[in-house]
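Asker: Just so you know, the sequences run in chain order A and B.
Residue 57 in the working numbering is what sits at position 47 of the first sequence, and the numbering runs on without skipping anything.
Residue 703 in the working numbering is what sits at position 487 of the second sequence, and the numbering runs on without skipping anything.
By construction, the Cβ of each residue, glycine as well, lies at the ideal position given by its N, Cα and C atoms.
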Amino acid sequence: MSKMLERILTRASCVTAAIVAAVACAPRSAYAAEADHDDPDTELRSFKVAEGYEVHLFASEKDGIVKPVQMRWDPAGRLWVACIPSYPQRKPTEAPDDRIVVLADTDGAGVANYASVFARGLSLPLGLELGHGGLYVSSGTELLHLKDNNGDGKADETRVVLRGFFTGDSHQNINSFTWGPGGELMFCQGLHAFSHVETPWGNQSLEKAGIWRFRPRTMRLESFLGRDRGPQNPWGIVFDDWGQPIMIAGNGQGIYYLLPSLIQTDHFLDPHQIWDRNGIKLCGVDVIGTRAMPPTIQGMMVAGSIMDNSVYFFKLDETGSGFKVRQYTPLIVSMHSSFRAVDAKVGPDGAIYIADWYNPIIGHYQASLRDPNRDHAHGRIWRITAKGLPLVQRPALASFAIAQLIDQFRSPERWVRYQAKRLLADKDAKAVGEALDTWVHALDPADPQYEHMLVEALGVYEEQEIVEPALLQKLLGARDERARAYATGVIGHWSDRLDDPIALLERQAADPSPRVRLEAVVAAAQVPLPRAIEAAAIVVDLPMDEFLANALTQAVHALKPYWKPALDIGQLSFANKPARMEFVFKADGSADVLHTLASLAGSAKPGDPVHDNSLRLVAAIGGPGELAAVLNDPILHPTDGRSSSAAAGVLDAMAENFRMHRAIPAGDVGAALRPLLAWNDSDVRRSAIVLAGLWRTEALRTELDAIAQDAKAVPLVRLASFGALADLGGNASRTSLIAVASSKESLHVRAAAIEALARLDLPTAASAAAAALTQATTDADVADVLDAMFKRQGGPEALANALTQAKLAPDTAKLALRAMSSAGRQDPVLWDPLARLSGTAIGPRAYDATLVKALATEVASAGNPAAGERVFRSQMANCLSCHAVGGAGGRVGPDLATIGTAMPVGLVIESVLWPNKQVKEGYTATLIETKAGEVQQGYVISDEQASLTLRDPTTDQTFHFPKEQIKRRKEIGSLMPDGVTDGLTRAELRDLIRFLTELGKPGPYRIAAGPVVRVWETPENIPEALRRIAPEQAMLPDSIDPGPWHGRYAMAGGELPLAEIMSAEGGAIAVARFAAEVVTAGGFRLKTNAPAGSMVWLDRRPLPLRDVQDVNLASGLHTFTFRIDAGKIGVSGLSCVLEPASAGAEARLATRIGR
Amino acid sequence: MSRPFTTIAIGIVSVSAWAAAAQTATAPTQQPAVSASWKFDGNADDAGPNGWNGKGMGRVAYSDSPIGGQGQLLSLNGVDACVQVDQPAAGDLGEKDFSLGIWILPLEMRSAGLVQRGDPKAAWSLFTSPNGSVHFVANTTTGAKLAIESPPGVIEVGRWHFILLSVQRTRSVSAAAGAHLYIDGVLAANAPVAPGALNAQTPLMIGKGDGTGTFFNGLIDEVQMYSTALGAEDVARLTDAGLPWLRPKPWAKEPFDGRFSLRDQDVVVFSGGENTLAAQQAGYLETLLTLRSPSRRVFFRDMAWEGDTVFEQWRILNFGPWPYQLRRVGATVLIAQFGQMESLRGKAGLADFVNAYNKLLDDYSNVTRRIVLVSPIPFERSPSPSPDLSARNREVAAYALAIGEIANQRKLLFVDLFTPLAQPPTSGQAQPLTRDGIHLNAYGQWAVARQTAQQLGFDVPADIVNPQSQTPAFVQPAAQALCEEVRRKNAIWLSYWRPTNWAFLNGDRVSQPSSRDPRDPRVRWFPFEVQESAAMIHRAELKIADMAAATPSGAGAGEKK
């Protein structure tokens, strides 16, 4: 093609595209960032498909597939699709008319050639599954069972099975139905669904997000998680081949190992996140188990990723009693912003089917429910096959007799086994039982699949609610731990019908396999007997991991109504194993087990964990009498003069006890504490000083005062004495603190004294703070002083007042404004005078819809994302101090990795310019003022009846407040200050917005998956030793460590920009390092673009510089240091990937720089 | 109003729409003279004699109105919408008596002008305050001031209110001079009058205050001016014609005298668990009670919720406590059914149950003392392996008995469903009443409705319900059609009362963009949209009344004596 012709063609197509875009955009809102391309072919062309796979359209809106949200197969190979055109909210004048469409591919061409509406008039059916001769489907508040009795393909019988599921936020209604291996219907519900359901077993409730388990035959409904325990939007449950449940959710890091959470209790514990990727939200999941897919992906999960228009593969790796997840190459990455893979199911032919909800807007609360850009007309089902692999033939299951159906458990196809089980559920229980018995006895124990087939058979008995102790016993002793684990779980299900479930559980709880032990704990938690907790606690004898510990903790709470009365009358012995008792009582944590704990502490010697831990528990929850005994414990009176490292822990527990319960030991506490002030161990000294203050121990004033005035004292100890003096109060304390606050000592020490002084005399403290500020030169100094005043009610006002007397340089005022921004404070009373002093006008601006519109247009036409990223990273905008991108950055505000796909550009603009206009859920800060005048702001992480827990996101510290000590509680909205972008030019603002809107979209600003190094450190000054190092000087010299190193974040694309890390005096040399914490030792692969002439060290050892370098890493922390000769290079940034190269190897890369 | 007004005479009472009370001669007193009437049926025209037509300013909208069950209303977004009447004399209230009426539903409690004349020195202004009070302030041409102010809290967000100001300035034999402010048909405040004319040069504004712009956010309907001072009876009649359940009914304080009866404008509220909730979807009991009531103007509000027990009636955020909820719907009769799920706690839980039920009834009694307690039904044997609850019927019986005792002690009516339904059938095979041993199937709802109506003293004629039939349907097609309309109305009520996406409507997400206009986040769309259901419900209720009147056996039939 001639150049000229190519140009003409290009221009012609551009013009056409522009016209199309203009037409498509004409009636749309100004927020529409891009033209719509509603043709399936356009969407198909946007797919980047993993090597070895191909995608075809299976069905679309032309077949009636409009807003497909979930899909399930029937045994005849038809695909049942729930379509919800009314989402998110139907009009009051419209009756509900969401529907179920059945698709079939009758000629095997890979395209649906039959489509029929099975049911309509439903209200947002977010869950469906075939079973018991009909279709289970959710509709509004109801779980329905629909049947087609006359065979015309349409539902003609509707039975309400359960109702009372609430619909507070329509996408969080019950959803994602799936059959568990034992015939239990599992489903999810989200955050605003407060459900209350009447069942023959009593009322069952699930408030907020969680999981339901329903056994239709017994009508037994159980709820798990809920309140604040769940992920906010669980959207999929899948069982692996051995019945292990995995839950996925539309949350960051949304993959969970569900088993430890399947314990009904009100006790708060988070479910187990087994994936650490943020900013990606998953929806709809299946496990690959078919010969039509390559061996490499067998057993992997496939799930839709709704925010970034992708479909992912995940590998489940066993770790201890649980799992962890690794993300694999994405199956599909789309450039099409409407591609929303909301469900993924392997089909009868072995192809992977993807339900594509097709919508440019997914959010329920980021955009108006009535946003005209929401699509209500389209939807697709995509079909993905593996190139070169034949599809599998679906057996004619519907015509099979019972015995034939049972024999399908030999099939390597998960789909066939699952559907055979469904059909067996419809057969007569007695006939199924007899046929199973015959089949099980005819199986060859030497068959490699033998135990797996037994597990499947056990599941059929479970579904039919036929208790089969012999098969259970056989599997409890199976060779394969996965079979033993499954059978152990069945003890829980059948516990009300087994002769002695406790005896069975006792054996399984001591199984060598942690998975089996975990199942034993979860099963025990379902057994309403006093001894169930004794059986569960056996697992403490063998190594514990987080899954076991959490499950056992929940079992303790779930079973307390049974074990506590037995304990009180001395009927529980825990086989006289103190460790078991200690775990149970510690997990219980309530005061009513104090007595038992105290005697445990008394039964062992200091240094013995049983003694130390029990004592700490008594210290934490005991009353005056118990605390007096704690003070007398040998741990605080060592005969050999050596202090135990646990002593400070015991003291700290008493401090926490005081803060929560105001408990003070009986007797002379001054005499008890005085010797501790002389210990060598500074931790013990500090803890004792803190207690002296909290307990108002006037007798120790002289000692405390001496420490406060001792400039040589260990800072940790000395700073504690300031607080203690403030606790004691009075003029003597005031004088002592003023002396330090106005001394010539470091601002760090003075700030601590000012903070303490502020509690006694706010105006004087404010004057001292103002004076200190005038001498401050660094960000850290200013932040220390400001923090001291912020912690006090009225502190900012007093400081503002004092500043009128002080002469603050404009630059210092700027530092102060920056410190306030970073701390999420914008109290106008202090902000405004500082802004005046700084000579800059910074502050809130009035909402301006015209500006939003105009800026949106500019962003689209002229925004430069690369320039925008530079603005994002600049000191001026300071975004990174609060926001992470793909995990790298601050944690004050939300991670922005996919903001571009989650929000229309208009909302991005509004969120930047008017941060308080709408605050992302979970990011509304709360300010607490205590009756004692303390002030603390942060996010509420738990709000219990008696106490409130706040996390200060700027320091990541957690604060507990007993409710009775809270004077005032106020929601203060976003911590993001108004006016952060005021210093930017219009072009900079435009570019910044453009960068944000690109984040997550396909292209250079989509955060790459995988172990990319995102957090680096660079030295403030390049150490001489490193500057001069000759190539032959192999080892990295020790001398490079001491200098200050500063944190650096990589750019969205993964590169650390060299321009940012080149210091002026460094010449052509740049130095950077990163840390990796190796969890499981093994082989790793370091990939880097560091140019020739650079040097790399692993810890102290030199590494050969290659693009790809394999290393073996022992567990623990490792540092990779790079010295780059920038003069020789062509790259603009340094990028590194550290990925596991051998089985099981696992490392964590730092994702955050401490503030 | 868009369609001509009709009066439907049924029995001794007339079902009259808004205009009936305002304009027809059926009322006992002399009809007040209307000097201006803005009905907002798609425009801001004045249907009164002066033709003071107004124009919509900003984004005004009109949608179906529940007031009087017909016509449209004025929808104001609180940001830029109001109505302006430019005619020089519009809103001149003169020197003599006058009355000013307006229906409002605020969606935000703020200081907002309702009807106003004059700026900057307001000649007169009717407005709301953030504390939920209503004010009228006027400066007359003589410089005198007329001011009247309701107590705070009389106006609530999300609820219709009828405000009527009546000013008697000419002394007459029958009435002393004075200004009276009525809210929802009840006198809320009075004040002395001031001499001088209430005229001004500036345009009349509806839905907006003075020049600083305090826009009203919500719905407005039927702004009426009268050249007379309306009396309490007129006001009550106007209130009832607009929304019959709005005016507090004094008879709600008087318990039933041992027998059940329904009165004109009664609002019957059902409370209970899933079976009570499902009863509204079946519609049988409501149809029977409608047909057998002397007045067809009885309103039914099913406020049962799955999982409700006497111990806990869980409601999502901002529903408010029972007395508040019951007042909002104007409850005058309460039919409560509890004890079924509670009985699973066994006899050991009975004392707690009685205590909790009494507490709950204390709550109800704050609003109405006309209460019926319905016993639980017996459990049915359910198929193994689900638990056979019929084994626990002895306990259900104990709970039923206890409820009967509570009713006795508190002088409430009691419907015993347990005893008749626990009897073996007199003939033929017993048909299951439940789907799972607890929850009524269609036949169960039918059987329970008939039994309840019967025990409430409402006989059910054979031409309406065939006593032998096991099919849940009315014999008469008209009655069956009525039942279907009842179901349709209840479906709207259910989605109005506990709507999907509550979090964005009234919950913890109202500040999110979701419930706001996609182009102007200052404006909310959701509450406005949901209020359309209120109009649909009232219209359906008028239709139900029409249909009941046309049902042969229904017409004129009274209660069983």
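Excluding five sequence neighbours on each side, which residues of the same chain lie with their C-beta closer than 6 angstroms to the C-beta of residue 658 of chain A?
Answerer: Answer for residue 658 of chain A: 693, 694, 697, listed in chain order.
Asker: Less than 7 angstroms between CB atoms is the rule here; does residue 228 of chain A satisfy it with respect to chain B?
Answerer: With 7 angstroms as the cut-off, residue 228 of chain A counts as an interface residue toward chain B.
Asker: By the 10 Å Cβ neighbour count, where 16 or more other Cβ atoms means buried, how is residue 179 of chain B classified, buried or exposed?
Answerer: Residue coverage of chain B in this structure runs from 217 to 777, which leaves residue 179 of chain B outside it and unanswerable.
Asker: Residues of the region 776 to 788 of chain A with a CB closer than 7 angstroms to any CB of chain B: list them in chain order, please.
Answerer: So the list is empty, because no residue satisfies the distance condition.
Asker: Beta-carbon within less than 7 angstroms of residue 445 of chain A's beta-carbon, same chain only, minus the 5 sequence neighbours each way: which residues are those?
Answerer: Here the set comprises 412, 413, 416.
Asker: Give the range of the alpha helix (DSSP H) segment to which residue 463 of chain A is assigned.
Answerer: 460 to 473 is the extent of the alpha helix (DSSP H) around residue 463 of chain A.
Asker: For residue 495 of chain B and residue 661 of chain B, I'd like the C-alpha separation in whole angstroms.
Answerer: Distance between the alpha carbons of residue 495 of chain B and residue 661 of chain B is about 6 angstroms.
Asker: Against chain A, does residue 163 of chain B count as a neighbour if the rule is that its beta carbon must be under 7 angstroms from one of theirs?
Answerer: Since the first residue of chain B shown is 217 and the last is 777, residue 163 of chain B is not available in this structure.
Asker: Since residue 133 of chain A and residue 150 of chain A are thought to touch, with beta carbons under 8 angstroms apart, how far apart are those beta carbons, to the nearest angstrom?
Answerer: Between residue 150 of chain A and residue 133 of chain A the Cβ distance is about 4 angstroms, and since that is below 8 angstroms, they are a contact.
Asker: Please list the terminal residues of the continuous beta strand (DSSP E) segment that includes residue 7 of chain A.
Answerer: Here chain A comprises residues numbered 11 to 1165, so residue 7 of chain A is not present and cannot be evaluated.
Asker: Closest by CA to residue 726 of chain A, which one among A:898, A:962, A:876, A:758?
Answerer: The shortest C-alpha separation from residue 726 of chain A is found at A:758.
Asker: According to the Cβ coordinates, are residue 581 of chain B and residue 619 of chain B closer than 7 angstroms?
Answerer: The answer is no: Cβ separation not under 7 angstroms.
Asker: Does the region 419 to 435 of chain A touch the region 355 to 364 of chain A, meaning 3 or more C-beta pairs lie closer than 8 angstroms?
Answerer: Contact between the region 355 to 364 of chain A and the region 419 to 435 of chain A is present, because at least three Cβ pairs lie under 8 angstroms.
Asker: Could you spell out where the alpha helix (DSSP H) holding residue 433 of chain B opens and where it closes?
Answerer: No alpha helix (DSSP H) holds residue 433 of chain B; the beta strand (DSSP E) holding it covers 433 to 442.
Asker: Please compile the residues from chain B whose C-beta is within a distance smaller than 7 angstroms of the C-beta of residue 374 of chain A.
Answerer: Neighbours of residue 374 of chain A on chain B, chain order: 730.
Asker: Can a CB atom of chain A be found closer than 7 angstroms to the CB of residue 291 of chain B?
Answerer: So no, residue 291 of chain B is outside the interface.
Asker: Spell out the partners DSSP gives residue 946 of chain A in its beta bridges.
Answerer: Answer is A:938, bridged to residue 946 of chain A.
Asker: Of all the CB atoms in chain B, is at least one closer than 7 angstroms to the CB of residue 210 of chain A?
Answerer: Yes, its Cβ sits closer than 7 angstroms to a Cβ of chain B.
Asker: So, helix, strand or coil for residue 799 of chain A, using DSSP?
Answerer: Helix, per DSSP.
Asker: Please go through the same chain and pick out, in chain order, the residues whose beta-carbon is closer than 7 angstroms to the beta-carbon of residue 920 of chain A, but skip the five residues on each side of it.
Answerer: Same-chain partners within the cutoff: 862, 927.
Asker: Please report the Cβ distance between residue 1179 of chain A and residue 341 of chain A, rounded to the nearest whole angstrom; I am assuming they are in contact, meaning their Cβ atoms lie under 8 angstroms.
Answerer: Because chain A is modelled from 11 through 1165, residue 1179 of chain A falls outside the range shown and cannot be assessed.
Asker: Kindly indicate which residue of A:549, A:503, A:518, A:152 has the alpha-carbon position closest to the one of residue 716 of chain B.
Answerer: The shortest C-alpha separation from residue 716 of chain B is found at A:152.
Asker: Express the C-alpha separation of residue 125 of chain A and residue 1247 of chain A in angstroms, rounding to a whole number.
Answerer: The requested residue 1247 of chain A does not occur in the structure, where chain A is confined to residues 11 to 1165.
Asker: Step through the CB atoms of chain A and report whether any lies within less than 7 angstroms of the CB of residue 741 of chain B.
Answerer: It does: the Cβ of residue 741 of chain B has a partner Cβ on chain A nearer than 7 angstroms.
Asker: Roughly how many angstroms separate the alpha carbons of residue 719 of chain A and residue 691 of chain A, rounded to a whole number?
Answerer: When rounded, the distance between both Cα atoms is 20 angstroms.
Asker: Can you give the beta carbon distance from residue 1121 of chain A to residue 1084 of chain A, rounded, assuming they're within the 8 angstroms contact cut?
Answerer: 14 angstroms between Cβ atoms; not a contact.
Asker: Does the region 267 to 286 of chain B touch the region 388 to 408 of chain B, meaning 3 or more C-beta pairs lie closer than 8 angstroms?
Answerer: With the cut-off at 8 angstroms, the region 388 to 408 of chain B and the region 267 to 286 of chain B do not touch.
Asker: Once the 5 residues before and after residue 676 of chain A are set aside, which same chain residues still bring their CB inside 8 angstroms of it?
Answerer: Only 634, 635, 637, 638 meet the Cβ criterion.
Asker: Please go through the region 326 to 388 of chain B and give each complete beta strand (DSSP E) segment of 3 or more residues, from N-terminal end onward.
Answerer: Counting only runs of 3 or more, we get 328 to 333, 340 to 344, 350 to 355, 361 to 365, 377 to 384.
Asker: Any C-beta of chain B sitting closer than 7 angstroms to the C-beta of residue 120 of chain A?
Answerer: Closer than 7 angstroms: no.
Asker: Should residue 52 of chain A be labelled buried (16 or more other beta-carbon atoms within 10 Å of its own) or exposed?
Answerer: Under this definition residue 52 of chain A is an exposed residue.
Asker: So which residues on chain B does residue 204 of chain A lean against when the C-beta distance must stay under 8 angstroms?
Answerer: Those within 8 angstroms of residue 204 of chain A in chain B are 530, 532.
Asker: Taking 7 angstroms as the limit between beta carbons, can you name the residues of its chain near residue 755 of chain A, skipping five residues before and five after?
Answerer: Within the same chain, residue 755 of chain A has close Cβ partners 721.
Asker: Rounded to whole angstroms, what is the Cα-Cα separation between residue 1156 of chain A and residue 1150 of chain A?
Answerer: Cα-Cα distance, rounded: 6 angstroms.
Asker: Using a Cβ-Cβ cut-off of 7 angstroms, state whether residue 376 of chain B counts as contacting chain A.
Answerer: With 7 angstroms as the cut-off, residue 376 of chain B does not count as an interface residue toward chain A.
Asker: For chain B, is any of its Cβ atoms less than 7 angstroms away from the one on residue 50 of chain A?
Answerer: No, its Cβ sits nowhere closer than 7 angstroms to a Cβ of chain B.
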